[in-house]
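Numbering (this note's numbering), first residue to last: 11 to 177.
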Amino acid sequence: MRTFFLTFFYTGRTPFAPGTAGTLAATIVAIAILEFFPLETLFLATVLVATLGVRAINAYEADGGLHDDKSIVIDEVVGIWLTLSIALGATKIQGAESNLNEKTWILWLASVLLFRLFDIWKPSIIGRIDKKVKGGLGVMGDDIVAGAIAGIAASMCYGVAQSLGFA
11 MRTFFLTFFY
21 TGRTPFAPGT
31 AGTLAATIVA
41 IAILEFFPLE
51 TLFLATVLVA
61 TLGVRAINAY
71 EADGGLHDDK
81 SIVIDEVVGI
91 WLTLSIALGA
101 TKIQGAESNL
111 NEKTWILWLA
121 SVLLFRLFDI
131 WKPSIIGRID
141 KKVKGGLGVM
151 GDDIVAGAIA
161 GIAASMCYGV
171 AQSLGFA
């Protein structure tokens with residue numbers, strides 16, 4: 011059960027780009043969540059999954075698992091859900107709390123791309139957290155910061171796209 015959770019329905023076991031696979035799967039789940047529930051539900055799910063994820067990663071590592079094993083993508087789930095929570099929350103647009111639509115698709119795309127960029131590139135504090143913080147908090151921490159920065163950046167990109175008439 012722990013492996014099912016940490017690999018987010020085994021998406022982390024894909025042989026090519028497991029982090030991206032986990033991010034895309036989590037985005038699909040976020041679309042489904044927001045189809046039926048308000049944005050706050052996604053944020054609360056993010057907090058819950060982050061808390062459970064840190065504990066599960068600590069247990070996994072204590073049992074001899076590799077630190078930040080590539081198959082563990084629950085941190086990407088938390089990162090993209092935080093990105094979307096911030097981006098959708100910050101842009102006070104009609105339909106932002108609902109499923110992907112013609113008004114928000116560019117925001118969703120920017121959110122996914124920017125989160126993956128910051129998660130892979132790991133600039134500044136994101137990289138320091140990744141290298142220096144151990145255990146579940148280290149695995150989860152860099153994705154939380156990457157998600158927060160990506161959410162803010164996606165909101166800014168969406169604002170620019172709106173002002174240029176693209177959204």
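C-beta: ideal position from N, C-alpha, C; glycine also.
When C-alpha distances from Ala42 are compared across Phe125, Trp91, Gly74, the shortest belongs to Trp91. Counting along the chain, Met150 sits inside the alpha helix (DSSP H) bounded by residues 145-173. A distance of 8 Å or more separates the beta carbons of Val88 and Ala66. For Ser165, the closest of Val83, Ala97, Gly29 by C-alpha to C-alpha distance is Ala97.
Short of 7 Å from the beta carbon of Leu110, and not among the five residues preceding or following it, lie these beta carbons of its own chain, in chain order: Ile41, Trp118. Proximity of the region 66-84 to the region 121-133 falls short of the contact definition, fewer than three beta-carbon pairs being nearer than 8 Å. The residue among Ile159, Ala158, Ala160, Thr21 with its C-alpha nearest the C-alpha of Ile84 is Thr21. Within the same chain, Ile43 come within 7 Å of Thr51 by CB-CB distance, once the 5 residues on both sides are set aside.
For Lys141, the enclosing alpha helix (DSSP H) stretches over residues 134-142. Within its own chain, no residue has a Cβ closer than 6 Å to the Cβ of Glu112 once the five positions on either side in sequence are excluded.
In this structure, Glu86 lies away from Gly151, with their beta-carbon atoms at least 8 Å apart.
Shown here, Gly32 sits in a helix according to DSSP, grouped into three states.
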